[in-house]
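Chemist: This structure is in structure tokens; I'll ask about it shortly.
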Amino acid sequence: MKKLLFILTFIFSAGLTAQEIKVSGIVTDDSNAPLPGTSVLVQGTTKGTTTDADGKYSISAKIGEFLQFTFVGMETKTLKVTGTTLNAKLAESGLALQDVVVLGSRSAPRTVTESAVPIDVISIKEISSQGAQVNLNQILNMVAPSFTSNTATVADGTDHIDPAQLRGLGPDQVLVLVNGKRRHTSSLVNINGSPGRGSVGTDLNAIPAFAIEKIEVLRDGASAQYGSDAIAGVININVKKDTNKFDIALFGGSHFSKASNDHRGGNDGNNVQIDMNYGTSLGKEKSFINATASFQLRGQTGRAKDATGTLFSAFNAVEQRAVEAGTNINALFGNIDNTTNTTQILGLIKTYAPQVDYFTAGQQTAILGATSITQMQSALNFDATAGELAYRKLERSAFNMAVGQSSLQSGQFFLNAAYPINENLEVYAFGGTSYREGEAAGFYRRPNQSRAYTALYPNGFLPEIHSTINDVSAAAGLRGNIFETWNFDLSNTYGQNTFDYTIENTVNTTLREQSPTEFDAGGLGFSQNTTNFDFSRKFDKLNVAFGAEYRYENFKINEGQPESYNTYDINGGIVTATTPNNIKVTDFYGSFRPGSSQVFPGFKPVNAVDKGRNSAAIYADLEYDVTEKWLLNGALRYENYSDFGGTTNYKLASRYKLTDNINLRGAISTGFRAPSLHQIYFNSTATQFVGGVPFEVGTFSNDSPAAKLLGIPQLKQEESQSASIGFTAKIPEANLTLTADAYIVNIDDRVVLTDQFSRPGGNPTPGTPAAQLNTLFDSANATAATFFANAIDTKSKGIDVVISHKRNIGNGLTLKTDLSGTISKTTRVGDIHASPILEANGQINRYYSETSRIYLEEAVPRVKANLTNSLSVNKFDFFLRNVYFGEVTDPNTVDVNGDGRIEGAIINGQIVETEHPVWGGKVITDLSIAYNFTKSAKIVIGANNIFDIYPDANYGPSTAIKPRIVNGAVDYTAAPTTSDLSNSNQFTYSRNVSQFGQNGRFVFARLSFSF
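So, in structure tokens, the structure goes:
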């Protein structure tokens, strides 16, 4: 009997050993993190597979055979098959670890050197723990050479949301994904003077950096794969999935800089932040929920110098003496030329003027001798700044603008979760909310100006723009296997961004004492809902993927309170076309006072919009391993928009392995960007009266009657053609990896925000272009207008290089070095696409002005390089980063070379000033030292811009001859004029362009715990 059992067992075991079984498992690293893209090979055969995004694999093998697990940068491991489950844990080999990506392909994950298109992988977890940057825009600006983002100053809403650019293209020409799903854009339109003017970008800072595991940056056109906006590339943000872990980071820092506190030294711009991340399992294998909370308080920085120029008039001095005696002279008149209190006003001035002890005898005599308002205005028409500053015990610095970083308070939360229903289905969800309150300021309203009201603000005032930015996102989906061999992913993603303006410490001067000092100026809103259904399947060497997408978008402008946009007369009525000049509000000198909330007029009811649209797309993606060396990828996408129609785009990409370590790759594609709803419908206009007739000036929506009358076409999609070619190399002996990629991107019908077109005026001959344009402007009820238009075609080209090195030297010492750089150039090609009537009137240069050219072609660094070194020695980590920001050009003009004139050129028959300041390239150095008390506690101390580098200084007052046309040629014989780019010493550095900001050295400390 025993012999029979033994024989049966032997036969059964032999049969089992000889029979193939399905072996599955998960491959992880030393920290138990999954290793997607690991090669799994049945030793001694050609049978193999790779692990998926979760590190899982499945392969057929026999009991007793050996599986070999290989992953670049990890030790190869060989394990014997003893059953249906075989897990593997790989240790680092000391070679440079290759990041694995899923972006740019819907096939199995590949390493960055094996992909057919250039992709950067940035470990935010690692970078953010060592560097001084705490928001996503600034982290990427310092890490990714092809990425550019800088904080603006005195730029209204752009002070609070930083526009970001990739490969020198626009903020709206890069697509942002979160966990592979389309992220909504901001509600803000960048309409002020800053790079990215006229564009709408994604608010990356609404996502807490502490929630992010890594970021994949696809530096290649991908509209055929991902849809609109992906002309420059795609940024995919991967959110943390850690479990059984609680991380907390306490961050504090300040700008200890020579220019702090308006160049008085010390420190300013204090920044305090607390970040928390917690992940746990939901009770089932591979289930997780990971939550992040972040709170930040950031102070303002001041980089102005003491204000120069006139601050106080003689009337300001007299009225102040009257106020101190309990009398408000301003209250005695609304319109100085239409008041019954003339005698009383003159009498009060003569009473209090002698109390101004610094008035000269001649000035006092003129004041006392004045018998009319006109004579008194003449008598008080002199600068009283020096004497009044001394009397009021004020310094000129009290009149400085808030130039520098805006203040910020924020609270953010983000969640990422997944739960497997069974072996074939998983439900997932992620999303977050961000609430930020910001404070920036505009130009100082000096007491001698009509836009200040000294009865409320005796020393003038600095109006403040307070922003409230709410951002909400939520995504949910179901993914898994269907029909046994097909993978599917059904998801819905919603996002909303609102931007509300509250204007404080300001006034509507036409309301005088009855004016509020705080105004609700209205706001902007954008929402987006995207539904995707994706399928994919691997057929041996061919991966097939296809899917569909439906998206709905909505853009809103909400009106402000009436006082924020109206102009009132002396009786409190709203100024209209029939309002006579003698009841409009003036200052003492007779200048009309402006209406609306000073610094930012509120949105009017006529500006309010609530517009939506939808789009639907179908797409297919094929990836074929033609041979072991040759990879071929193709994608095709058709997308239809409800407001402008359909577009079809394709992409072809390929990679060829010359050797095991050297690859060639290239891609060609077409792309598109749908004009945003913001660009179609944004409008912000003000009312001006010419000859008693109201006319609108400002930005008119693309669908407005004014746009149609002036021949501005309906916006259509931008279309692109792009190509890239490059190579990748691994040098195992030297622990090096290298990638280099060159690219070219042609964009047709690029959307720009024009400069202001104007009504010619005068009395031109009937039937001439000028007469026709006058009629059209009158029909549009406008005198000056700005529009969004498909005005130009552009060409962008460049090259990106990335070199990485990592070496485990031994004895606890690890060295990692990354060198990357980019050179790029963008130019306009072909003619400007102009309205015939505007072109006929010589206004073609306002479609695409010299200023617009500079912002597009030269306002961001075209050369940028990054050298990062990380050295770990036992419990110490040393971090050194040098970033070179190339030169940029300022859109302003000035006599740069000191020859007494500003150079000009004749462009489209008109004189254009072309001599611009060029701000030189700089190297910014970051240094930090970390000490690991334990595996769970770490402190980092360091500095960003440790050498306190600033941009080149701006130009102050300069007198020069401006160019003009005489007899068809450029002429320099006009009388010299004076310009001041620093605006009375306020903009020490350019406010229009900046490679790396103007805050100087930032010193910080970060304390991190992990439980």
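Per our numbering: the sequence shown = residues 6 to 1016. Quick reminder that beta carbons are idealized off the backbone N, C-alpha and C, glycines included. Just so you know, these numbers come straight off a predicted model, no measurement behind them.
(1) Our contact map puts glutamine 170 next to arginine 678 with C-beta atoms below 8 Å; I'd like the distance itself, whole angstroms only.
(2) With a threshold of 7 Å on Cβ separation, who are the neighbours of glycine 162 within its own chain once the five nearest residues in sequence on each side are excluded?
(3) Among the residues of its own chain, which have a CB less than 7 Å from the CB of threonine 332, if the five just before and after it don't count?
(4) Tell me the rounded alpha-carbon separation between threonine 166 and glycine 203.
(5) Check this for me: beta carbons of leucine 682 and phenylalanine 560, under 8 Å apart or not?
(6) Tell me the rounded alpha-carbon separation between threonine 75 and glycine 53.
(7) Taking the alpha-carbon positions, what's the aspartate 57 to aspartate 34 distance?
(8) Roughly how many angstroms lie between the CA atoms of arginine 867 and proline 168, to the nearest whole one?
(9) State the Cα-Cα distance for the pair aspartate 754 and leucine 820, rounded to the nearest angstrom.
(10) Going by DSSP, what residue range makes up the alpha helix (DSSP H) through leucine 351?
(11) Skipping 5 residues on each side, what residues in its chain have a beta carbon closer than 7 Å to that of aspartate 545?
(12) Curious, which full-length alpha helix (DSSP H) runs of at least 4 residues does the segment 701 to 735 contain?
(13) Using CA atoms only, rank isn't needed, just tell me which of Asp476, Ile954 and Val756 is closest to threonine 799.
(14) Which residues does DSSP list as the beta-bridge partners of methionine 281?
(15) Measuring CA to CA, which of Asp626, Tyr889, Gly447 and Asp59 is closest to serine 292?
(16) With asparagine 1004 and leucine 986 assumed to form a contact (beta carbons below 8 Å), what rounded beta-carbon distance in angstroms separates them?
(17) Terminal residues of the continuous alpha helix (DSSP H) containing glutamine 325?
(18) Could you pull out every residue in the same chain whose Cβ sits closer than 6 Å to the Cβ of threonine 653, ignoring the five residues on either side in sequence?
(19) Roughly how many whole angstroms lie between the Cα atoms of phenylalanine 1014 and phenylalanine 938?
(20) Taking the C-alpha atoms as reference points, what is the distance between leucine 373 and serine 854?
(21) Report the CB separation of proline 968 from glycine 909 in whole angstroms; it is logged as a contact under 8 Å.
(22) From this set, Arg517, Ala407, Phe419 and Tyr506, which residue's C-alpha is nearest leucine 467's C-alpha?
(23) Taking the beta carbon of isoleucine 752 as the centre, do at least 16 other beta carbons fall within 10 Å, making it buried, or is it exposed?
(24) Below 8 Å between beta carbons: does that hold for serine 299 and glutamine 417?
(25) Is lysine 85 helix, strand or coil by DSSP?
(26) What are the boundary residues of the beta strand (DSSP E) that includes asparagine 486?
(27) Determine the extent of the alpha helix (DSSP H) in which tyrosine 396 is found, giving its start and end residues.
(28) For histidine 810, write down the residues that DSSP places opposite it in a beta bridge.
(29) By a C-beta neighbour count over all protein chains shown, 10 Å radius and 16 as the cutoff for buried, is arginine 326 buried or exposed?
(30) Report all residues from its chain with a CB closer than 6 Å to the CB of valine 923; omit the five preceding and five following residues, and keep chain order.
(31) Should tyrosine 462 and leucine 287 be called a contact, given that it needs their Cβ atoms to be closer than 8 Å?
(32) So alanine 1029 and asparagine 949 are in contact, right, with Cβ under 8 Å, and what is the actual spacing, rounded?
(33) Taking serine 569 as the reference, give the member of Tyr555, Pro606, Asn587 and Ala550 with the closest Cα.
(34) May I have the straight-line CA-CA distance separating alanine 211 from leucine 420, to the nearest angstrom?
(35) What's the C-alpha gap between lysine 219 and asparagine 241?
(36) List the DSSP bridge partners of asparagine 949.
Modeler: Per the coordinate set shown:
(1) What you label residue 170 is simply residue 165 of the sequence shown in a count that begins at 1. What you label residue 678 is simply residue 673 of the sequence shown in a count that begins at 1. Actually they do not touch by this definition, with Cβ atoms about 14 Å apart.
(2) Position 157 of the sequence shown, counting from 1, holds the residue named residue 162. For glycine 162, where only same-chain residues beyond five positions count, the Cβ hits under 7 Å are Leu193, Ser472 and Phe504.
(3) Mapped onto the sequence shown, residue 332 falls at position 327. Hits under 7 Å: Leu353.
(4) Numbered from 1 along the sequence shown, position 161 holds the residue referred to as residue 166. Numbered from 1 along the sequence shown, position 198 holds the residue referred to as residue 203. According to the sequence provided, residue 166 is isoleucine. The question's threonine does not apply to it. The alpha-carbon atoms of isoleucine 166 and glycine 203 are separated by roughly 14 Å.
(5) The residue given as residue 682 occupies position 677 in the sequence shown. The residue given as residue 560 occupies position 555 in the sequence shown. Yes, they are a contact pair.
(6) Numbered from its first residue, the sequence shown carries residue 75 at position 70. Numbered from its first residue, the sequence shown carries residue 53 at position 48. For threonine 75 and glycine 53, the distance between alpha carbons rounds to 11 Å.
(7) Here residue 57 refers to the residue found at position 52 of the sequence shown. Here residue 34 refers to the residue found at position 29 of the sequence shown. Cα to Cα, aspartate 57 sits roughly 14 Å from aspartate 34.
(8) Start at 1 with the first residue of the sequence shown, and residue 867 comes out as number 862. Start at 1 with the first residue of the sequence shown, and residue 168 comes out as number 163. So the alpha carbons of these two residues sit roughly 17 Å apart.
(9) By one-based count along the sequence shown, residue 754 stands at place 749. By one-based count along the sequence shown, residue 820 stands at place 815. Roughly 48 Å separates the two Cα atoms.
(10) Taking the first residue of the sequence shown as 1, we reach residue 351 at position 346. Run containing leucine 351: 347 to 357, per the alpha helix (DSSP H) assignment.
(11) Numbered from 1 along the sequence shown, position 540 holds the residue referred to as residue 545. Here the set comprises nothing.
(12) 710 to 714
(13) Residue 799 sits at position 794 when you count from the first residue of the sequence shown. Here the closest residue by C-alpha is Val756.
(14) To locate residue 281, count along the sequence shown from 1; it is residue 276. For methionine 281, which the question treats as bridged, DSSP gives the partners Ile253 and Ala298.
(15) Residue mapping note: residue 292 aligns to position 287 of the sequence shown, counting from 1. The shortest Cα separation from serine 292 among Asp626, Tyr889, Gly447 and Asp59 belongs to Asp59.
(16) Along the sequence shown, read from residue 1 onward, the residue named residue 1004 stands at position 999. Along the sequence shown, read from residue 1 onward, the residue named residue 986 stands at position 981. With 8 Å as the limit, asparagine 1004 and leucine 986 do not qualify as a contact, their Cβ atoms being about 20 Å apart.
(17) In the sequence shown, the residue the question calls residue 325 occupies position 320. Segment 319 to 329, the alpha helix (DSSP H) holding glutamine 325.
(18) Here residue 653 corresponds to residue number 648 of the sequence shown, with the count starting at 1. Excluding residues within five positions, the ones whose Cβ falls inside 6 Å are Tyr643.
(19) Mapped onto the sequence shown, residue 1014 falls at position 1009. Mapped onto the sequence shown, residue 938 falls at position 933. Roughly 10 Å between the two C-alpha positions.
(20) As a first step, residue 373 must be located in the sequence shown, where it is residue number 368. As a first step, residue 854 must be located in the sequence shown, where it is residue number 849. Each residue's Cα considered, the two are about 52 Å apart.
(21) By 1-based counting over the sequence shown, the position of residue 968 is 963. By 1-based counting over the sequence shown, the position of residue 909 is 904. Contact flag correct, Cβ pair sits at about 3 Å.
(22) The residue you call residue 467 lines up with position 462 of the sequence shown. The residue with the shortest Cα to Cα distance from leucine 467 is Ala407.
(23) Your numbering for residue 752 matches position 747 in the sequence shown. Buried, by the Cβ-count rule.
(24) Sequence index remark: in the sequence shown, residue 299 carries index 294 (1-based). Sequence index remark: in the sequence shown, residue 417 carries index 412 (1-based). Yes; because the gap between Cβ atoms is below 8 Å, this pair is in contact.
(25) The residue given as residue 85 occupies position 80 in the sequence shown. DSSP places lysine 85 in strand when its eight states are reduced to three.
(26) Position 481 of the sequence shown, counting from 1, holds the residue named residue 486. It spans 469 to 487 - the beta strand (DSSP E) in which asparagine 486 sits, taken as one unbroken run.
(27) In the sequence shown, counting from the first residue as 1, residue 396 sits at position 391. Per DSSP, tyrosine 396 belongs to the alpha helix (DSSP H) from 390 to 396.
(28) Sequence index remark: in the sequence shown, residue 810 carries index 805 (1-based). Answer is Leu741 and Thr822, bridged to histidine 810.
(29) What you label residue 326 is simply residue 321 of the sequence shown in a count that begins at 1. Under this definition arginine 326 is a buried residue.
(30) For this step, residue 923 is matched to residue 918 along the sequence shown. For valine 923, where only same-chain residues beyond five positions count, the Cβ hits under 6 Å are Glu892 and Thr894.
(31) Counted from its first residue, the sequence shown places residue 462 at position 457. Counted from its first residue, the sequence shown places residue 287 at position 282. Contact: no.
(32) Residue 1029 lies beyond the range of the chain shown here (6 to 1016); nothing can be said about it.
(33) Position 564 of the sequence shown, counted from the first residue, corresponds to residue 569. Comparing Cα positions, the closest option is Pro606.
(34) Counting from one through the sequence shown, the residue named residue 211 turns up at place 206. Counting from one through the sequence shown, the residue named residue 420 turns up at place 415. Taking the straight line joining both Cα atoms gives about 13 Å.
(35) Translated into the one-based positions of the sequence shown, residue 219 becomes position 214. Translated into the one-based positions of the sequence shown, residue 241 becomes position 236. Computed Cα separation, rounded: 9 Å.
(36) By one-based count along the sequence shown, residue 949 stands at place 944. Answer by DSSP bridge pairing, in chain order: Phe1007.
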